[in-house]
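J.: Residue numbers (the working numbering): 5 to 229.
Got a structure for you, written out below as structure tokens; questions coming shortly.
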Amino acid sequence: MPSLANIAAQTLQRRILDGHYPPGSALPGQRELSENLGISRASLREAISMLEALGLLRSQAGKGVFVTAGKPASAADLPAGPSAMPPAAIFQMRYVVEPANAALAARQAGPEGIEALRECMLEMQRALAASDLLTAADCDLRFHLALAELSGNPALTALTEHFQAHLAYSLRLPFADRSHIWQPADEHNAILAAVAAGNASAARKAMQQHLNSAAGRVGITFVKP
């Protein structure tokens, strides 16, 4: 079941897409907006954080929260992630863990697991077609968590789930580049094809390429382990 913050973020995204909050405009103050949405300020801040990572909003200290025109932030201006962890560190950690998840999933996944990945990708593509970046990013997260589960390694699964908030944050960032919002789906499909074929080496390589590409779309560089 979606959290209150996720539901609020969906409402705000819809208002932005409908032109209720046009590019360049400021959102109402937090007190007014939280009352309007019927949520706490803490949930509102979480919702705004989601939309900031997707590049739909930009906070300016002392001025407020503004709707962007879809221009991605530079690497130095990315919104803060969970625990203020540097985005490059998150991508570096993912580069250690997720190629292993994908390779093991290629060896372990059965027909049901493969079909679940396919359904996730279909939902992601429908969301992208509707410009619903929140749902697309949620499908993105579910795809990566499913690969961890399909690895068959409970330690890797637990590790991936433990850093779920950090993973979700890093997955939203590339969607801020509107010119390449379909690229994550294309890269996921390459990973899925390798997993479905049972090709562990190709699955590992496809995941590594996906992580390199995703980081590059945000202007992030990290040292490969």
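Beta carbons: idealized from backbone N, C-alpha and C, even for Gly.
Note that the structure is a prediction, hence the values are computed from the model and not measured.
1. Check whether the segment 201-221 and the segment 128-145 are in contact - that is, three or more C-beta pairs closer than 8 angstroms.
2. Assuming S63 is part of the beta strand (DSSP E), what are its boundary residues?
3. Do you know how far the Cα of R208 is from the Cα of L58?
4. So, using beta-carbon positions, are L138 and Q34 closer together than 7 angstroms?
5. So within the segment 84-169, which uninterrupted beta strand (DSSP E) runs reach at least 3 residues, ignoring any that extend past its ends?
6. In terms of alpha-carbon separation, which member of A134, L121 and A133 lies closest to R147?
7. Once the 5 residues before and after L16 are set aside, which same chain residues still bring their CB inside 7 angstroms of it?
8. I need the straight-line Cα distance from A210 to Y99, nearest angstrom please.
9. Grouping DSSP H, G and I as helix and E and B as strand, with all else coil, what is V71?
10. DSSP on A30, reduced to helix/strand/coil?
11. Using 10 angstroms around the beta-carbon of H24, count the other beta-carbons present and answer buried if the total reaches 16, otherwise exposed.
12. Taking the alpha carbon of M3 as the point to measure from, which residue in D142, R182, I224 and A204 has its own alpha carbon closest?
13. Over what stretch of residues does the alpha helix (DSSP H) that includes K209 continue unbroken?
14. Report the residue from A104, A197 and L8 whose alpha carbon sits nearest the alpha carbon of R45.
15. Examine the Cβ distances between the segment 28-43 and the segment 149-162 and report whether three or more of them are shorter than 8 angstroms.
16. Cα-Cα, which of H166, G66, R62 and L132 is closest to P27?
17. Just mark D190 as buried or exposed, buried being the case when its beta carbon has 16 or more other beta carbons within 10 Å.
18. For N157, is the beta carbon positioned less than 6 angstroms from some heavy atom of the ligand NAP?
19. Less than 7 angstroms between C-beta atoms, sequence neighbours within five positions excluded: which residues of the same chain meet that for R176?
20. To the nearest angstrom, report how far apart A104 and Q64 are at their CA atoms.
21. Exposed or buried, A12, counting other C-beta atoms within 10 Å across all chains shown (16 or more means buried)?
22. When DSSP labels each residue in this structure, what does F179 get in the three-state scheme?
T.: Quick look at the numbers:
1. no
2. L61 to Q64
3. 26 angstroms
4. No, these two residues do not count as a Cβ contact at 7 angstroms.
5. Counting only runs of 3+ residues, no beta strand (DSSP E) is found wholly inside the segment 84-169.
6. Reading off the sequence, residue 147 comes out as Phe, not Arg. Ranking the options by Cα distance to F147, first place goes to L121.
7. These residues qualify, in order along the chain: A51 and L55.
8. Distance between the alpha carbons of A210 and Y99 is about 12 angstroms.
9. strand
10. strand
11. Burial call: exposed.
12. Nothing in the structure corresponds to residue 3, since the chain is present only between 5 and 229.
13. Segment A204 to R221, the alpha helix (DSSP H) holding K209.
14. Among A104, A197 and L8, the Cα nearest to that of R45 is on L8.
15. No, because fewer than three Cβ pairs between the segment 28-43 and the segment 149-162 fall closer than 8 angstroms, the two stretches do not touch.
16. R62
17. By the Cβ-count criterion, D190 is exposed, with fewer than 16 other Cβ atoms from all chains shown falling within 10 Å of its own Cβ.
18. Ligands are entirely absent from the displayed structure, and the ligand NAP is therefore not among its contents.
19. So the list reads M54, A57, L58 and A141, once near-sequence residues are dropped.
20. 39 angstroms
21. buried
22. helix
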